[in-house]
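What follows is a short report on a single structure.
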Amino acid sequence: MTFGKGCHLHLIDGSAFIFRAFHALPPLTRKSDGLPIGAVSGFCNMLQKYVEDASGPDAPTHVAVIFDKGSHTFRNDMYDLYKANREEMPEALRPQMPLTRRATEAFNIACKELEGYEADDIIATLSVQARELGGRVTIISSDKDLMQLVGGGVEMLDAMKNRRIDVDGVREKFGVGPERVVDVQALAGDSVDNVPGAPGIGIKTAALLINEFGDLETLLDRAEEIKQPKRRQTLIEKRDQIELSKKLVQLDTNTPLDFTLDDLEVKEPDPDVLLPFLAEMEFRTLSKRIADKLGAEAPVIADTPVQAAGDDPAPEAVPFDASAYECVRDLETLEKWVAAIRDRGVVAVDTETTGLDEMTVDLVGISLSTAAGKACYIPLTHKTGASDDLFGGATLVEGQIPLDDALACLKPVLEDDAILKIGQNMKYDAKIFARYGVKVAPIDDTMLLSYALHAGLHGHGMDTLSERYLGHEPIPIKPLLGSGKSAITFDFVPIEEASAYAAEDADITWRLWETFKPQLHREKVTTVYETLERPMVPVLAEMEMAGVKVDREVLSRMSNAFAQKMAGLEAEIHELAGETFNVGSPKQLGEILFDKMSLPGGKRGKTGAYATGADVLEDLAAEGHDLPARVLDWRQLSKLKSTYTDALQDHINPETGRVHTSYIISGAATGRLASTDPNLQNIPVRSEEGRRIREAFVADEGKLLLSLDYSQIELRILAHMADLPAMKQAFAEGQDIHAATASEMFNVPLDQMTPEIRRQAKAINFGVIYGISGFGLARNLRIPRAEAQGFIDSYFERFPGIKDYMEETKAFAKEHGFVRTLFGRRVHTPEINAKGPRAGFAYRAAINAPIQGTAADIIRRAMIRMPAAIADLPAKMLLQVHDELIFEVDENAVDTVTARAREVMEGAADPAVHLNVKLVADAGQGRNWAEAH
DNA sequence: CTAGAGCGCTCG
DNA sequence: GTACGAGCGCTCTAGC
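As numbered in full-length UniProt numbering, residues 1 to 933 make up the first sequence, in order.
If you want it as structure tokens, here you go:
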């Protein structure tokens, strides 16, 4: 059939399909030989789904899958940095690229690519040709670069979200019509493709400008007329760069194709070609399904696994469907769910609450899921009426199971040892349930599964995971709750909407569990998950619920004292400046220092503002300038007041009189915890004035605070891992490690050590842990770079194991894309093979991660064993600060607890790892944290 | 008013 | 252009 009026051309962006498939699926391999095949599998499934969906009245008459070919295109000739910061193709994906071409042909769909051109250019050319012949075009892609083609019978279809994008859709995305999209892109640039654009101008501003001036050329010609000085300057100065950007984003509609639209006519797949291909790939489920469709016999695929048995197949994709969720509004229905859970032995659980602070919020509803697509929501305390009316304006919505009845019904399964409860960030839900008298156990946590598998690759929030691994964008909570002043709490969300949202969360959690759990074995992180991640949940939940007592009076007094001092300093600063300004504004301060007073060294950062960091001000103060010296004092007080004495008071729980932080288990890529709301891991200690904040952290009456901290744990780990005999011996002899290092490096006997030499050695020791560089050390010690490099060279000479460790670690990271701690924790370093400064960052992070991560593993092991070790004593573990644990202990039991805790901490590496350096924990005690430290 | 970016500072 | 890993408060700007 000749292409013409009435024809409908579908153009599929093949690369997008492949990458989507690759990232959405676990790393599947072909059973017979282990060839990575996940992307091909996903690609075939997507093609199959496409073919099924594409039938019907709006079916295409012509279709092609378009691929990129080669990494060098004509755009690189215009701009050699085009797509320069693209990550390299993952190793597992490379061999799959040709297979996806074969797959396309096996489905009997035209498969097109052209050396030196991107798929987008071919798509552009074909779209224009089809339009000129009076046909319609649907581009199956979500790539915004293709939006310039929309209009005049050309539309886009985002296959993942199943959303059509027409001219209005483009307008929504870019603020201009398709014909002006390239103008907006030329201004806004694109960090993914490394299109420079105009710095400081994003899509919103670009659209505004284009709409005002009509098009890019007019805008650039009349740039003088722009009112905002910064924009005007940017557009005038960066004109060449903007014009180049336009050429980069403008698609080529005249690519030299060696085929015509007529060649793309839709053809039925040939079973004799397609089925053998699927058999070769060993896609059992898919070949069966397609064989049924084509009315042919499914090919027999031999089952010759090379991998361990118990290797689960990828979960079959069940589409997300909110209408399939059940809203449970009576006890009989809930009992049916409970029976189903008992039958299944496992359930995904999620709670909905009135806020985010587990210690104060109320339970609003519970959702459950027992299979992909099968989920329910149990509304419990949804209300209606005025949410701010404290006098009964809000009333409970009818048709909800009474809270106590529902909990009584669920409690037996939630506490049943034989039933696994899955959650996403289960610590949150477990704490909520605990407050309602339900002790949830045993558990799995999809957030922690992802963390064990993917630390360093991406975040582990549900939205990220769902989009990445399920290809599904969860219902956002924003539209339900609103924002700002008008925001409501979840109990005022209508049950219908709440139900769809909440049940979906449980459904997603279930599917993530199905996706991740089988991968633990394959990726060899089962032990990490089971001994370092999951057991942290109950331990941290206990610590967080215990909280630490904070004396409001102490903070309040300090706050007043700080305020007075600050007022005095502020007056002095204004006096010295000769005008009043906001001392807290780095921008205004910079202008005073470097413009008005013309002090030396005014360096501007990337936003054009002067840098006024402590290092800059210290240099100026050292030259005898009073104003920067006063500002430094003011800043210190300001920090202490706002972040600590003031903000901390707001975190005192009125019921407990204590501060309950929240630890994020998957917060740091290295295995460290992070503390939030409030962060109790950065309470001041280094300055005398700051340290006094710790006096406000107190023990309850009759008790003391006890602190144990690992002495030099990271250097000890380094000495072990890099095998540094001199350092190991110094530790064995209990020497001052920095002095010993200095002695070794500078040939100074210990009894002649000076503080200055020791200080330098200390800086170098830390530098090594951080992935040392001459530049970094020079800046830290404020010495010339060459001198710093000399220090490093002699360090490497005296401790040759260091160099080997660094080289081996780097090589391992480059080969595998991750590094490991002594306990097997993986920390991914995806940028290690990048180009430019990013590689440097990745390299230093790779050096540091095994050291910092091993220390994190060790204290986690100690924390997990601690509750049992002190169970019979009147003591509670309250806080962790990376290498320190803080307890609250009855006065008369302090010595016993110290001994027990020390034993656990010092033996925490055993028996999994035998360190050839001993671990030492120092202890301190007192009425408050300042005394105990 | 609200959201987000950037800066600066706190800790191990 | 750089030391590694985090969280949070303030200012400033853009946009509703």
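Glycine is no exception: its CB is placed at the ideal position from the N, C-alpha and C atoms.
| Query | Result |
| --- | --- |
| Could you tell me the alpha carbon to alpha carbon distance between L705 and R692, rounded to whole angstroms? | 15 Å |
| Return helix, strand or coil for residue 938, following the three-state DSSP convention. | Absent from the structure is residue 938, since the part of the chain shown begins at 1 and ends at 933. |
| Kindly give me the distance between the Cβ atoms of Q129 and A39, rounded to whole angstroms, as I take these residues to be in contact under 8 Å. | Incorrect: roughly 30 Å between the Cβ atoms, too far for contact. |
| Could you tell me which residues DSSP puts in a beta bridge with L10? | Sequence check: residue 10 is His here, not Leu. Bridge partners of H10: V63, T138. |
| What do you get for K703, buried or exposed, if any count of 16 or more other CB atoms within 10 angstroms of its CB means buried? | buried |
| Say whether the stretch 597 to 615 touches the stretch 651 to 661, bearing in mind that this needs 3 or more beta-carbon pairs closer than 8 Å, one atom from each stretch. | no |
| Starting from S245 and walking both ways along the alpha helix (DSSP H), at which residues does that stretch end? | 239 to 249 |
| Over what stretch of residues does the alpha helix (DSSP H) that includes residue 937 continue unbroken? | Only positions 1 to 933 of the chain appear in this structure, which leaves residue 937 out of reach. |
| With 16 as the cutoff for other CB atoms within 10 Å, does R779 come out buried or exposed? | exposed |
| Can you tell me whether DSSP reads D445 as helix, strand or coil? | strand |
| Put I665 into one of helix, strand or coil per three-state DSSP. | coil |
| Using only alpha-carbon positions, find the residue among K49, P36, K5, K31 that is nearest to I12. | K49 |
| Give the straight-line distance between the Cα atoms of P315 and G373, rounded to the nearest whole angstrom. | Unreliable placement is indicated for P315, whose pLDDT of 46 sits below 50; the coordinate value is still reported in the next sentence. Their Cα atoms are separated by approximately 12 Å. |
| How do the stretch 529 to 548 and the stretch 472 to 492 stand: do at least 3 beta-carbon pairs fall below 8 Å, yes or no? | no |
| What's the C-alpha gap between R902 and Q712? | 15 Å |
| Could you check the C-alpha separation between D190 and A92 for me, to the nearest Å? | 27 Å |
| State the Cα-Cα distance for the pair G584 and D633, rounded to the nearest angstrom. | 12 Å |
| Measuring alpha carbon to alpha carbon, tell me which residue in L673, D145, N765 is nearest A186. | D145 |
| For the beta strand (DSSP E) containing P379, name the first residue and the last one. | 374 to 379 |
| Starting from the Cα of A923, find the closest Cα among P911, E906, H914, K549 and give me that residue. | E906 |
| Excluding sequence positions up to five away, which residues of its chain have a Cβ less than 6 Å from the Cβ of E113? | F67, K69 |
| Please list, in chain order, all residues of the same chain as L885 whose beta carbon is under 8 Å from its beta carbon, the five residues on each side excluded. | S707, L708, D709, I859, A862, M863, M866, M877, L879, A901, M905 |
| What residues in its chain sit with their C-beta under 7 Å from that of P684, if we drop five residues either side in the sequence? | L640, Y644, G690, R691, I693 |
| Sort D404, C409, I366, V346 by Cα distance to D444 and report the nearest one. | V346 |
| What span of residues does the beta strand (DSSP E) with G423 cover, start to end? | 420 to 423 |
| Buried or exposed: where does M78 fall if 16 or more other Cβ atoms within 10 Å of its Cβ makes it buried? | exposed |
| Taking the Cβ atom as the reference point for each residue, do E280 and H62 lie within a distance shorter than 8 Å? | no |
| Which of the three DSSP states is assigned to Y770 in this structure? | coil |
| My parser needs the beta strand (DSSP E) runs of 3 or more residues fully inside the stretch 72 to 127; what are they? | 110 to 112 |
| Which residue wins for smallest C-alpha separation from K517, given the options D505, R534, E52, Y501? | R534 |
| On a CA-only basis, which of H816, D262, S556, G177 is nearest P90? Give me that one, please. | H816 |
| Mapping DSSP to helix, strand and coil, what is T898? | helix |
| Within its chain, find whatever has a CB closer than 7 Å to the CB of T73; leave out the 5 residues flanking it on each side and keep chain order. | G116, Y117, E118 |
| To the nearest angstrom, how far is it from the Cα of E891 to the Cα of Q588? | 52 Å |
| From this set, D857, A696, F19, which residue's C-alpha is nearest A932's C-alpha? | A696 |
| Out of A324, A394, I401, state which residue places its alpha-carbon closest to the alpha-carbon of T333. | I401 |
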